[in-house]
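Structure first, then comments.
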Amino acid sequence: MKRESATENVKHFFHKAAELLDLPDDMRRTLINPYREITVEVPLRRNDGRLDLYNGYRVQHNNFRGPFKGGIRYHPTADLDDVRALASLMTWKTALTGLPLGGAKGGVTCDPRELETNELEKLTRVFTDKISLVIGPRHDIPAPDMGTDSQTMAWLMDEYAKIHGHTPEVVTGKPIGLNGSFGRTEATGHGTALVIEQATNDFDQIPVTGAKVAIQGFGNVGLYAATFLDQMKAQVVAVSDYAGGIYNPKGLPLDQLTDFPVQRRLVQEFDDADQVTNEELLELECDILVPAAIGGVITEQNADRIQAAAIFEAANGPITRSGEDILLDKGKLIFPDILVNAGGVIVSYFEWVQNIQEFTWELSQVNAELKRILVKTYQQVRQLAEEKKTSMRTAAFMVGIEKVAEATQLRGYLN
Ligand code: NAD
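The C-terminal position of the sequence shown is numbered 405 in the numbering used here, with every residue numbered one higher than the one before it.
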């Protein structure tokens, strides 16, 4: 079956919110499409001598509230449609959380698991060269996403420096030893757990203590979400990576699993649990489901088999529009990506601020500010959803869109 377009999904969510905001047509047309999209060819001489050619993208969606901001993804499914959707989500996410930033995203259609470290470095340097004229510390600031990490950002920073001079604030998510911020690596998973904690306080039919949680994706976001949820005494019953998952209804021993991603071990190499496929994981009996891998995994094909009472979108775009309609009809609670995974860009913003100030914040300051912004944003979304009798996603989009629309008006773009 054909995959639903990620861009069309985001546009659908945008229009639902725009409708409730009564946003004029001219404003909608101005906000919905990206400012700029670039496609580049990324040649890579592999260690075995052959030449591979990859497609790379940078989509800059909106910068009316501040510089474009968004991660770079290395994944076989990272095509222009995906990157375009992700760039747009960044615009609504930065606005929702009140950061003075816009939205962008980048990607290279490749499978990083097939590449050696030196090949990944070469690929990153070539891609950086090709987009170096459109990124910049006051213009467009990349960060990590699926398939990239702090090491990738270090290479990007170094390559950019060769052309423009030392500019650490051109990229966030860097290693601590290279102008990174304390708390950034774990920020997205940490933020996910904080939003879950808030929401479970609110919707008291599922308290976080003892809640059974299934997490799809055990990379940066899934691993730290699991770790913080474990500290909150939730019971993580399932985790997975691209190859499949593991399940134990009595809870997984996370302390024995946290090294797996670092050691590039698959979770199914862990013996003491049942094996499940990624599809089965989504349908497990649990209280909370946390998709934390790729987009478009909950669709009209499987939505009616989801058993979790609440779904927290740590991944970007894991639920398609048709999947969402079914889930909402069934009374499931959906907490949207632009709220749940916003911890990443919030701490990226702190890193950018620290780099500009040439001053380092303590971890306690980073975490206190992260929690303050997330709790405030959560409450704002929750209140608006109740007031307008709409979903948390539509409410979150409404808050974000309204702020970008205001900036658009104030700058005089529609005059
Ligand atoms: P990652 O590369 O660190 O980890 C991705 C995980 O997903 C790995 O366990 C990988 O094996 C698994 N995976 C890959 N393809 C899969 C597939 N087809 N089916 C199931 N699992 C698959 O990436 P990440 O940084 O953890 O990002 C995960 C999600 O979180 C993405 O949707 C990303 O956009 C979103 N996100 C990340 C950040 C961040 O700061 N890294 C911020 C906001 C949102």
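We put the CB at the ideal spot given by N, CA and C, even for glycine.
Q: Please check the pair I416 and A299, which I expect to be a contact at CB under 8 Å, by giving their CB distance rounded to whole angstroms.
A: Because the chain in this structure spans residues -9 to 405, residue 416 falls outside the shown range and cannot be described.
Heavy atom of the ligand NAD within 7 Å of M143 beta-carbon:
no
Sorry if obvious, but does the Cβ on V211 come closer than 7 Å to a heavy atom of the ligand NAD? yes
Do the CB positions of W145 and R115 come within less than 8 Å of each other? yes
*Have a look at L406 and D261 and give me their C-alpha separation to the nearest angstrom.*
Missing from the structure shown is residue 406; the chain here goes from -9 to 405 and no further.
request  = Rank N52, K83 and R40 by C-alpha distance to the C-alpha of V389 and give the top, closest one.
outcome  = K83
Check your understanding: Expressed to the nearest angstrom, what Euclidean distance is found between the alpha-carbon atoms of E181 and P127?
Key -> The sequence shown places Gly at residue 181, rather than the Glu named in the question. Each residue's Cα considered, the two are about 25 Å apart.
_Supposed close pair A151, T142 - CB separation, criterion 8 Å_ = Going by Cβ atoms, the distance from A151 to T142 rounds to 15 Å, so no, they are not a contact pair.
**Asked** If we call anything under 8 Å between Cβ atoms a contact, is D305 one with G235?
**Response** Going by the sequence as given, residue 305 is Ala instead of Asp. Not in contact: A305 and G235 (Cβ atoms no closer than 8 Å).
Whose C-alpha, out of R(-7), N(-1) and P14, is nearest the C-alpha of Q399?
-> P14
Counterpart residues of P308 in DSSP-defined beta bridges = According to DSSP, which records beta bridges pairwise, P308 is partnered with nothing at all.
message = Looking at the ligand NAD, does it come within less than 7 Å of Y237, judged from the CB to the closest heavy atom?
response = no
Terminal residues of the beta strand (DSSP E) in which S230 lies: Q225 to D231
- Message: Just list the residues that DSSP pairs A204 with in beta bridges.
- Response: A228 and L279
Check: Within the present structure, is the beta-carbon of A305 separated from the nearest heavy atom of the ligand NAD by less than 7 Å?
Finding: yes
I believe A228 touches G179 by the beta-carbon criterion, under 8 Å. Please report the beta-carbon distance rounded to the nearest angstrom. In fact, because the Cβ distance is near 16 Å, the residues do not count as touching under 8 Å.
Distance, T162 Cα to P57 Cα:
13 Å
State the CB to CB distance for the pair L21 and I391, rounded to an integer number of angstroms; the pair is presumed to be in contact (CB under 8 Å). 7 Å
*Over what stretch of residues does the alpha helix (DSSP H) that includes K59 continue unbroken?*
Note, K59: premise wrong, no alpha helix (DSSP H); beta strand (DSSP E) at F58 to H65.
In or out: L168 buried (at least 16 other Cβ within 10 Å) or exposed?
exposed
When burial is assigned at 16 or more other CB atoms within 10 Å of the CB, is D12 buried or exposed? exposed
### Task
Identify, in the order they occur along the chain, each residue of the same chain with its Cβ nearer than 8 Å to the Cβ of Q265, setting aside the five sequence neighbours on each side.
G234, G235, I236, Y237 and Q258
Is T178 near the ligand NAD, going by C-beta to nearest heavy atom under 7 Å?
-> yes
In this structure, does DSSP put K1 in helix, strand or coil? helix
Note to self: Using 8 Å as the threshold, is the C-beta distance between V365 and Q188 below it?
What the structure shows: yes
Which parts of the region 276 to 363 are runs of the alpha helix (DSSP H), unbroken and 4 residues or longer, counting only runs that do not cross its ends?
311 to 319, 327 to 330 and 333 to 347
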